[in-house]
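Peer 1: Just passing along the structure, written as structure tokens.
In the numbering used here, the protein residues as written are 5 to 116.
What follows is the structure, encoded as structure tokens:
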């Protein structure tokens, strides 16, 4: 399994609006792709900016390529409003092979 890590930052007063936007657009979009096993949204807030990490989980690098294209290290922006929220359209993402791990007992929703 592969973890794909994307980072974006917004001005802190817009963090809740951006989170809601991601939950309506980006997260369902990730989930709709074949080979996607889930998405986690992480947030770190400071007085000026709020950083978001999207960790998406994929069956394989082939599944990532089907999602992202032949150069999977490039970030994918598929929604026009991204440029209205994000302080920078970061061009790169990172991929890591998942060796092992668990979250909770695995019996239900981690959070909502």
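Idealized CB from N, CA, C, for every residue including glycine.
(1) Determine whether the beta carbon atoms of residue 14 and residue 91 lie at a separation below 8 Å.
(2) Give the DSSP bridge partners of residue 55, in chain order.
(3) Where DSSP assigns a beta bridge to residue 43, which residues make up the other side?
(4) Whose C-alpha, out of 19, 82, 7, is nearest the C-alpha of residue 29?
(5) Please report the distance separating the alpha-carbon of residue 94 from that of residue 54.
(6) What is the rounded straight-line gap between the Cα of residue 57 and the Cα of residue 47?
(7) I'd like to confirm the pairing. Which residues does DSSP put opposite residue 6 in its beta bridges?
(8) With distances taken Cα to Cα, identify the nearest neighbour of residue 10 among 31, 34, 98.
(9) Applying the 10 Å Cβ sphere with the 16-neighbour rule, what's the burial state of residue 34?
Peer 2: Walking through what the data contain:
(1) yes
(2) Looking at the DSSP assignment, residue 55 forms a beta bridge with 13, 48.
(3) 60
(4) It is 82 whose Cα lies nearest to the Cα of residue 29.
(5) Here the alpha carbons of residue 54 and residue 94 stand approximately 15 Å from one another.
(6) So the two alpha carbons sit approximately 7 Å from each other.
(7) 62, 101
(8) The residue with the shortest Cα to Cα distance from residue 10 is 98.
(9) buried
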